[in-house]
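Following: one structure in structure tokens, then a few remarks.
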Amino acid sequence: MSGNKDYSKDSILSYWGAVVMILAVFFIGSLYGMITQSQISSEHINEYFDILYETEIYSHGEEEIGNFISSLPSNESEQERLERIALWVTSNFTNINWETNIRGNSEYDYSNFGPGMNRYVYDPSGRLRVYPPSSYANNPQWIAYYKTGACGELATLFSEIANRTGTPSHVVAANFYGGNNHAWVEITRENGDLWVFDPTMYGEYMQGQTVPYGAWFTSVERWNIPWEKDVTYVYIAGTHEEITCHYPSIEKSMEVRMMRIQHLKSIL
1 MSGNKDYSKD
11 SILSYWGAVV
21 MILAVFFIGS
31 LYGMITQSQI
41 SSEHINEYFD
51 ILYETEIYSH
61 GEEEIGNFIS
71 SLPSNESEQE
81 RLERIALWVT
91 SNFTNINWET
101 NIRGNSEYDY
111 SNFGPGMNRY
121 VYDPSGRLRV
131 YPPSSYANNP
141 QWIAYYKTGA
151 CGELATLFSE
161 IANRTGTPSH
171 VVAANFYGGN
181 NHAWVEITRE
191 NGDLWVFDPT
201 MYGEYMQGQT
211 VPYGAWFTSV
221 ERWNIPWEKD
231 VTYVYIAGTH
241 EEITCHYPSI
251 EKSMEVRMMR
261 IQHLKSIL
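Residue numbering for the sequence shown is 1 to 268, as defined by the UniProt record's numbering.
Below you can see the structure in the form of structure tokens.
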């Protein structure tokens, strides 16, 4: 009797073990299928944008940039030329912060194409923005074609045109305590001095925001970075070389910054 009872218990355990195994295989198979489908869709959309960039975006974006450069007067001062560039870059540009905070469009937002494809997003008007690691992220021709993004795209397009019109420049970025960031442009002036031009700040001024006139264009020594006490570090966007030392206003808040950096390290 006891032998039959034990055998029956083993059978039940074997049965449920098989059920669990089947369910596990089914779940893993479904998950693999979802991942595979996501990878396939991501590959397809990457191929699509490769074709679109080669056949349309690059040529049209480059044409926009070239036409604007050709329209620049030859008798303007360096500052006048840079502000004319900033005006063109920020005009007809959709920036999610401007749309929601300045223009009062609370419904404005970006949407993506589905799981695994969030490096490409589009806004309600169909303008496409690209995030890293896509090779089209912060691509000047892409930005000139779609005219959407935020401070990084504005700085990238501004720097591209400044370089092509005789003012050496590069995009600079700062990371802030709490996860935010900001991008602007460092330029080398005709006399060799290092200055800042912030196209985002210029664009906000032109939309009636309370930005002091000329605050977007000044020397690195005099520039007050927004939220300077929240800055963790400043770096050149293309090389990630740290250049916090360029900005004395940040260095003055070193004690506060170091305390916040240590706090970040303790919670990561």
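The beta-carbon is built from N, C-alpha and C at its ideal position, and this holds for glycine as well.
Check                                                                                                                                   : Outcome
Buried or exposed: which applies to Thr210, given that a residue is buried once 16 or more other Cβ atoms fall within 10 Å of its Cβ?   : exposed
Restricting to Cα atoms, I'd like to know which of Asp123, Arg119, Thr148 is closest to Ser135.                                         : Arg119
Among Glu83, Ile102, Val89, Gln79, whose alpha-carbon lies nearest the alpha-carbon of Ile65?                                           : Val89
Do you know offhand how far Tyr177's Cα is from Val231's?                                                                               : 6 Å
So the candidates are Gly152, Ser169, Thr165; which of them puts its Cα closest to the Cα of Ser159?                                    : Ser169
Confirm, please, whether the CB-CB distance from Pro140 to Thr156 is below 9 Å.                                                         : yes
Taking just the CA atoms, how far does Thr239 sit from Ile250?                                                                          : 21 Å
His44: buried (16+ other C-beta within 10 angstroms of its C-beta) or exposed?                                                          : exposed
Could you tell me which of Pro212, Glu153, Pro132, Glu186 sits nearest to residue 283, measuring between CA atoms?                      : Because residue 283 is not part of the residues shown, which for the chain are 1 to 268, the question remains open.
Nearest to Arg222 by CA position, among Trp195, Glu204, Pro199, Glu99, is which residue?                                                : Trp195
Let me make sure I understand the geometry here. Which of Pro133, Pro132, Lys147, Glu80 has the alpha-carbon closest to that of Gly126? : Lys147
With distance defined between alpha-carbon atoms, name the residue in Glu241, Tyr233, Tyr235, Val220 nearest to Pro248.                 : Val220
Looking at Ala162 and Tyr235, is the spacing between their C-beta atoms short of 9 Å?                                                   : no
Measuring alpha carbon to alpha carbon, tell me which residue in Ile225, Ala144, His182, Asn191 is nearest Asn67.                       : Ala144
Using the C-alpha atoms, what's the distance from Met201 back to Ala86?                                                                 : 10 Å
Do Gly203 and Asn101 have their CB atoms nearer than 9 Å?                                                                               : no
In terms of DSSP beta bridges, what is Val185 paired with?                                                                              : Val171, Phe197
For the alpha helix (DSSP H) holding Tyr58, just list the boundary residues, first then last.                                           : 58 to 71
According to DSSP, what are the bridge partners of Ile236?                                                                              : Val172
Just list the residues that DSSP pairs Asn112 with in beta bridges.                                                                     : Val121
Would you call Thr167 buried or exposed, if buried means 16 or more other Cβ atoms sit within 10 Å of its Cβ?                           : buried
Taking the alpha helix (DSSP H) that Phe158 belongs to, which residues open and close that run?                                         : 151 to 164
Would you check if the distance between the CB atom of Ile138 and the CB atom of Glu153 is smaller than 9 Å?                            : The question names Ile, yet the displayed sequence has Asn at residue 138. In this structure, Glu153 lies closer than 9 Å to Asn138 by Cβ.
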